[in-house]
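Undergrad: The opening residue of the sequence shown carries number 11 in this note's numbering; numbering runs sequentially from there. Before I ask anything, let me first share the structure, which is written out below as structure tokens.
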Amino acid sequence: MSRPLMQAAEARVEHGLAGTDLTVRMRAVLEVLRAHGDMTVPDIATKLEIQRQYVQLMVNETLASGFTEQRPNPRHKRSALLSLTDKGTAVIDTAIAREMEILRGIGAGFADDEVATALQVVERVTARLKQVGAAE
């Protein structure tokens, strides 16, 4: 059930990134930095709930593209802070604005209580799946 939804969402995001030089995974890094400010790779991995090693690959792509830059971390000499460049801020702001416009159109056909119920169900299923995973 969730795979078609995730595939459709990812395809829509990917389509919206056309011409930006962003990939879906690079976009995830930029979105986290936009929402939370400068962070280390382990902090980004925690926010995205994925392995640090995979996030490092994603970060390397954002650095190579000039969307992010590394800065010294006063709290940890070996774990640099990653921050958005002006280019990165502009591209993620544009991408999010495009996505919000699409979401407004999609959401126009649903009543507020339908959206609230759907969100509650997704949150509860997600929480239960995490509990099952933690118990194993």
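Positions of the beta carbon are idealized from the N, C-alpha and C atoms, including for glycine.
1) Take G98 as the anchor and find which of Q66, H25 and L32 has the nearest alpha-carbon.
2) Using a Cβ-Cβ cutoff of less than 8 Å, which residues in the same chain neighbour T78 once the five nearest sequence positions on both sides are dropped?
3) Measuring straight from C-alpha to C-alpha, what distance separates A21 and M110?
4) In whole angstroms, what separates the C-alpha of R81 from that of I116?
5) Which residues bound the beta strand (DSSP E) around E79?
6) Take M16 as the anchor and find which of V34, K87 and K140 has the nearest alpha-carbon.
7) So the beta strand (DSSP E) L94 belongs to, where does it begin and stop?
8) Quick one: what's got a C-beta closer than 6 Å to A90's C-beta in the same chain, skipping five residues either side?
9) Any idea which residues DSSP pairs M16 with across the strands?
10) Alpha carbon to alpha carbon, how far is P14 from I106?
11) Using only the alpha-carbon positions, how far apart do I102 and A118 sit?
12) State the start and end residues of the unbroken alpha helix (DSSP H) segment that holds H46.
TA: In short, the structure shows the following:
1) That would be L32, whose Cα lies nearest to the Cα of G98.
2) Around T78: V39, L40, L43, V69, T72, L92, S93, L94, T95 and G98.
3) Roughly 15 Å separates the two Cα atoms.
4) Each residue's alpha carbon lies about 39 Å from the other.
5) T78 to R81 is the extent of the beta strand (DSSP E) around E79.
6) Taking the Cα of M16 as reference, the smallest distance to any Cα among V34, K87 and K140 is reached at V34.
7) Element bounds for L94: L91 to L94.
8) In the same chain as A90, and ignoring 5 residues on each side of it, the C-beta atoms closer than 6 Å to its own belong to Q80 and N83, in chain order.
9) None; M16 has no bridge partner.
10) So the alpha carbons of these two residues sit roughly 22 Å apart.
11) Straight-line Cα distance between these residues: approximately 24 Å.
12) In the DSSP assignment, H46 falls within the alpha helix (DSSP H) that extends over V34 to H46.
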